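Engineer:
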Amino acid sequence: GTVLEFTVKGTRPVVAGSVNELPLGAGTLAAYISLDVLCHGGVDPARALAEAHRCLGRGAFAVFNLPAYGWLLSAHDRRVHNVRRFTRGQAHALLRDHGFRVLRSSYWNTLLFPLMLLHRLVERADAESDVRDYPRWLDALFSAENLQGLPSVFASLGLLRDEKGKTVFRTESGPLKEVLDRIEERA
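In this text, residue positions in the sequence shown follow the numbering used here: the first is -16, and each later residue adds one.
(1) For Gly42, name the three-state secondary structure that DSSP assigns.
(2) Using DSSP with H/G/I as helix, E/B as strand and the rest coil, what is Val20?
(3) Does DSSP put Val105 in a helix, in a strand, or in coil?
(4) Cβ atoms of Ser89 and Phe47: under 8 Å apart, would you say?
(5) What would DSSP say about Phe69, mapped onto helix, strand or coil?
(6) Drop a sphere of 10 angstroms on the beta-carbon of Leu104, count the other beta-carbons inside from all chains shown, and report buried for 16 or more, exposed for fewer.
(7) Is the distance from the Cβ of Gly10 to the Cβ of Arg41 below 8 Å?
(8) Measure the alpha-carbon distance for Leu133 versus Leu12 and round it to whole angstroms.
(9) Compute the distance between the beta-carbons of Ala45 and Ala35, then report whether it is under 8 Å.
(10) Go to Arg58, then tell me how far its alpha helix (DSSP H) extends in each direction, as first and last residue.
(11) Quick one: residues in its chain with C-beta nearer than 8 Å to the C-beta of Ser135, no 5 flanking neighbours on either side, listed in chain order?
(12) Who does Ala14 pair with in a DSSP beta bridge?
(13) For Ala51, list the residues DSSP reports as bridge partners.
(14) Suppose you measure from the CA of Arg71 to the CA of Pro97; what does that come to, to the nearest Å?
(15) Around the C-beta of Ala74, are 16 or more other C-beta atoms found within 10 angstroms, so that it is buried, or is it exposed?
(16) CB-CB under 6 Å to Gly25, same chain, minus the five flanking residues each way: which ones, in chain order?
(17) For my contact list, Val(-2) and Leu7 are in at a C-beta cut-off of 8 Å; report their separation, rounded to the angstrom.
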C-alpha cells in the first residue's frame, strides 16, 4: 500500500492511507477503531475488514460504529457520501465472515431513534446535510459530566472538557492510555 503521510505527533506515530489497503504490517495493531467508515462510498467493507483483521495483533480488539437500517438512508447520508447502512444481523455476519468475534453489539442511538425517524419522514430528498455544530444546550446535555452516570462505556473512556469547553478523551490514564501504550510498544 501507499503511505500518504508519516509523521510523529508528540511521541505517537501517525500514518495515513486507505482502509481498503492499510499501510501497516500484519499483526502490528493493538486496537482498531472504525467510526462510520464501512458505510462510506469509497470503502469496500469486505476489503476494509480483511485489512483490519490482518493488521490486528494477538489479543487486540476492534470497535466498529455503523449507521443502522438501510431504509434510514437519507439526504444527509448522500451529502457525506454514505451509501450503506446495516442491521445488527448484517453487521454480525459481515464481521464474522472476516474473522472477527463479536463480543458486544447494540443499537446505541435508540434514545434518539424516534426523532431520527420523524426527521427522515419529513425530510426532502434534496435537503442539506444536518452535519453542523450542536446547539450549546444539546452539547451541554451530552457533556462529559452528564455522561458519567450513563453506560460504563462512556465513563470508562475518560471523557473530559478541554480548556475551550469541548469534550475530549483523557489519554494520560485509563483504558485509552493502555491502548496507546500497547501501540507504542509495537511501533
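Even for Gly, the Cβ is constructed at its ideal location relative to N, Cα and C.
Computed from a prediction, not measured in an experiment: that's the story for all the values here.
Structural biologist: Answer, in terms of the structure:
(1) Secondary structure at Gly42: strand, using DSSP grouped into helix, strand and coil.
(2) Val20 falls in the coil class under three-state DSSP.
(3) Here DSSP, grouped into helix, strand and coil, assigns Val105 to helix.
(4) No, Cβ-Cβ distance for Phe47 and Ser89 is not below 8 Å.
(5) The DSSP-derived three-state label of Phe69 is strand.
(6) Under this definition Leu104 is an exposed residue.
(7) The beta carbons of Gly10 and Arg41 sit closer together than 8 Å.
(8) Confidence in Leu133 is poor, its pLDDT being 48 and thus under 50, which makes the residue's placement unreliable; the coordinate value appears in the next sentence. The alpha-carbon atoms of Leu133 and Leu12 are separated by roughly 29 Å.
(9) Yes, these two residues count as a Cβ contact at 8 Å.
(10) Note on residue identity: the sequence assigns Ala, not Arg, to residue 58. Annotation: the continuous alpha helix (DSSP H) that includes Ala58 extends over 58 to 62.
(11) With a pLDDT of 47 at Ser135, under the threshold of 50, the modelled position of this residue cannot be trusted; read the value that follows with caution. So no residue of the chain qualifies.
(12) For Ala14, which the question treats as bridged, DSSP gives the partners Phe44.
(13) In DSSP, Ala51 forms a bridge with Phe69.
(14) Near 18 Å, if we compare the C-alpha coordinates of Pro97 and Arg71.
(15) Ala74 comes out buried.
(16) In its chain, beyond the 5 residues on either side, no residue has a beta carbon closer than 6 Å to the beta carbon of Gly25.
(17) Contact flag correct, Cβ pair sits at about 7 Å.
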